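> First the structure, which I've put down as C-alpha cells, then a few questions once you've had a look.
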Amino acid sequence: MPSLNRALRRVAPFALVAAIIGVLVVPGPQSSAAAPTDGLECETSPSNSFSLTASGGYISTPDGNSIYMWSYGDTGGSFQFPGPTLCVESGANVTVVLHNALSEPTSIMFPGQNKVLAGGKPAQPENDANGNLSSLTTTAAANNGSVTYTFVAGAPGTYLYQSGTDVQKQQQMGLFGALVVRTKGHPDQENGRADSTFDPAHEYLYMLSEVDPDAHLAVERKRTYNWNNYTPRYFMINGRSMPDTIAPNHAEWLPNQPYGALIHIRPYDEQTNPRPALIRYLNAGTTNYPFHPHGSDEQLIARDGHPAQAPDGKDLSYSNFLIDPAPGQTVDTLMTWKDAEHWNSATNPVPVPLPQLQDQIVGPGTETWFSESPYLGESDAQLPPGVVQNNQCGEYYHVAHSHALQQATNFGASFGGMMTLIRIDPPAGCPGQ
Ligand SMILES: [Cu+2]
Numbered sequence: 001m002p003s004l005n006r007a008l009r010r011v012a013p014f015a016l017v018a019a020i021i022g023v024l025v026v027p028g029p030q031s032s033a034a035a036p037t038d039g040l041e042c043e044t045s046p047s048n049s050f051s052l053t054a055s056g057g058y059i060s061t062p063d064g065n066s067i068y069m070w071s072y073g074d075t076g077g078s079f080q081f082p083g084p085t086l087c088v089e090s091g092a093n094v095t096v097v098l099h100n101a102l103s104e105p106t107s108i109m110f111p112g113q114n115k116v117l118a119g120g121k122p123a124q125p126e127n128d129a130n131g132n133l134s135s136l137t138t139t140a141a142a143n144n145g146s147v148t149y150t151f152v153a154g155a156p157g158t159y160l161y162q163s164g165t166d167v168q169k170q171q172q173m174g175l176f177g178a179l180v181v182r183t184k185g186h187p188d189q190e191n192g193r194a195d196s197t198f199d200p201a202h203e204y205l206y207m208l209s210e211v212d213p214d215a216h217l218a219v220e221r222k223r224t225y226n227w228n229n230y231t232p233r234y235f236m237i238n239g240r241s242m243p244d245t246i247a248p249n250h251a252e253w254l255p256n257q258p259y260g261a262l263i264h265i266r267p268y269d270e271q272t273n274p275r276p277a278l279i280r281y282l283n284a285g286t287t288n289y290p291f292h293p294h295g296s297d298e299q300l301i302a303r304d305g306h307p308a309q310a311p312d313g314k315d316l317s318y319s320n321f322l323i324d325p326a327p328g329q330t331v332d333t334l335m336t337w338k339d340a341e342h343w344n345s346a347t348n349p350v351p352v353p354l355p356q357l358q359d360q361i362v363g364p365g366t367e368t369w370f371s372e373s374p375y376l377g378e379s380d381a382q383l384p385p386g387v388v389q390n391n392q393c394g395e396y397y398h399v400a401h402s403h404a405l406q407q408a409t410n411f412g413a414s415f416g417g418m419m420t421l422i423r424i425d426p427p428a429g430c431p432g433q
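Quick look at the structure:
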C-alpha cells in the first residue's frame, strides 16, 4: 500500500479518469504482506468508561503541508485526529472523563444523548465574567482541568461528540469524534430493525470535516483570527485527504491520522456474500458535503440515530446516489454491490473490439488505465513495457467523493480532499485479502 499511495500522489490528476475506466495499477501481493486494516475501528471498554485528553498536535496533508490541530486522544496515548471512535451498546451507562491539556477551557457535548451529567450534576451552559455564553456545556478548566460526563447510551445509531466551548473555533480546530451506539443483542443491526442487518466485517465510518489553514496558523501562533475570513482549503474523511484516505488504518507515515477510508467489498452473492456493507457518515464541518459514491447507489436507512421509518413502522429507507449530510448531521447507509454478471466473458460477451495498446492512456509512468480486458476482474492481455500486472487479483476500484468539487481538492489542486476509493474484489474474493 505505501507504493500505491506514492503512485497516487504522482498521478492524482488522473484519478477521475481511472475511476471511470475502473482500473488502477496496484503493487503485487508481495508489497501488501500485512493483513488489511481498513474499516471502522471501535474503541470499546468493558465498563463503558473512556478517558480522553484534549491537546494540540500536527497532521499532514498530501500536498506536504503540516497543520496544527486540537483533538481528543486517549489519555496517555499519542495525539490523534479525529478523536477515537467510541462504541457502546444502547442502554449502557457510559462514562467519559475529559482531561484538558489546552490553555483554555474545553468540553464535550454528546448531541443525541439525553440527561448528560457532568460531575454527577446535569451538564449545563456556562457564562464568562461578563455574563456572555462561553460554553454550551460544563467545561474542564484550562491547563489540566478535568470533568467527568456520564449518560445512558440512547437509541442505536451514529452520533458526533464535539466541543461545546467556543464552538466556532474549537470544532474547527478538530475537537470532535464519533460515538457509535450498537443495538442491544444485535450488534450486526444498525438499529432495531431486522432490515438494518449488515456484515460486521464490512463496516465503515466517514467523518467529514474541513480545515482553514490560516485559522489554524493563527491559533498555533496565539494570534487572533478574523473568522469573517474563514476559508476552508482542506477537506477530509477521517482526518485525511485523498490520496491518504486510501492508505490503511495506522499507516506509519500518518502517525497522528490513524483512520483510513478505503471501502473494500465483494459483489453480492446470495450464498457467499448476502449481507450489505454499512457506511456511517458524520458531518463535523460548516457546510453540506454532497457525497457521491460511483458505481452503486446506497440505501439510506437512518439519520441522527433515527431509523428511516414511519410512525407505524413502515420502512421509509430509500436508495440514492447522493448522500448529503448537513452540518452536525449523521447518515447511515447500506451498500450492496450487484454486478456479478459483469465479471467474465462467458456470461456477458462484449461484441466490441478492444482498443490497441497505443490508443490507450498510458502513464504518466508505464502504467495504463485500462486492464486490457472489457471485463471486470480480468487482466489477461497486452501490458505496456515495464508493467507486470494491473491489479492483485482482478479487483477494480471506483471513486467516492464530495460532488462539491472544490471539496475534492488539496488547497485548490484537483483531485484530492474529500475523496476515497471503493475496492471491489472478485466474487470469489482475493487470495490473501
Ligand atoms: Cu463523481
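Following full-length UniProt numbering, the numbering of the sequence shown begins with 1 at its first residue and continues without gaps.
Every residue gets a Cβ at the ideal spot worked out from N, C-alpha and C, and that includes glycine.
For clarity, every value in this text was computed on a predicted model and none was experimentally measured.
1) Does DSSP classify Leu357 as helix, strand or coil?
2) Would you call Gln271 buried or exposed, if buried means 16 or more other Cβ atoms sit within 10 Å of its Cβ?
3) In the DSSP assignment, what are the bridge partners of Tyr281?
4) Pick from Asp304, Asp244, Arg266: whose alpha carbon is nearest that of Asp63?
5) Going along the chain, which residues put their C-beta within less than 6 Å of some heavy atom in ligand 1?
6) Is the beta carbon of Tyr149 closer than 8 Å to that of Leu98?
7) Exposed or buried, which one is Leu217 when buried takes at least 16 other CB atoms within 10 Å?
8) Let me check understanding here. Comparing Cα to Cα, which of Leu117, Pro200, Gly57, Leu334 lies closest to Ala153?
9) Work out the CA separation of Thr333 and Ser414 for me, nearest whole Å.
10) Scan the stretch 134–215 and note each continuous beta strand (DSSP E) run of 3 residues or more that stays entirely inside, going in chain order.
11) DSSP on Ala428, reduced to helix/strand/coil?
12) Ordered along the chain, which non-local residues of its own chain (more than five positions away) have a Cβ less than 7 Å from that of Glu41?
13) For the beta strand (DSSP E) that Thr95 lies in, which residues bound it at each end?
14) Whose C-alpha, out of Asn410, Ser66, Gln406, Asp339, is nearest the C-alpha of Asp425?
15) Determine the closest residue to Tyr161 out of Gly119, Leu282, Gly77, with distance taken between C-alpha atoms.
16) Which of helix, strand or coil does DSSP assign to Glu252?
17) What is the rounded straight-line gap between the Cα of Asn320 and the Cα of Cys393?
18) DSSP three-state label for Thr245, please.
19) When DSSP builds the beta bridges, which residues end up paired with Thr286?
Looking at the atomic coordinates:
1) helix
2) exposed
3) When beta bridges are read from the DSSP output, Tyr281 appears opposite Tyr206, Val331.
4) The residue with the shortest Cα to Cα distance from Asp63 is Asp244.
5) His292, His294, His401, His403
6) Contact: yes.
7) So Leu217 counts as exposed.
8) Leu117
9) 27 Å
10) 146–152, 157–162, 176–182, 203–211
11) coil
12) Thr85, Asn249, Tyr259
13) 93–100
14) Out of Asn410, Ser66, Gln406, Asp339, Asp339 has the C-alpha closest to the C-alpha of Asp425.
15) Leu282
16) coil
17) 30 Å
18) helix
19) Looking at the DSSP assignment, Thr286 forms no beta bridge with any residue, so it has no partner.
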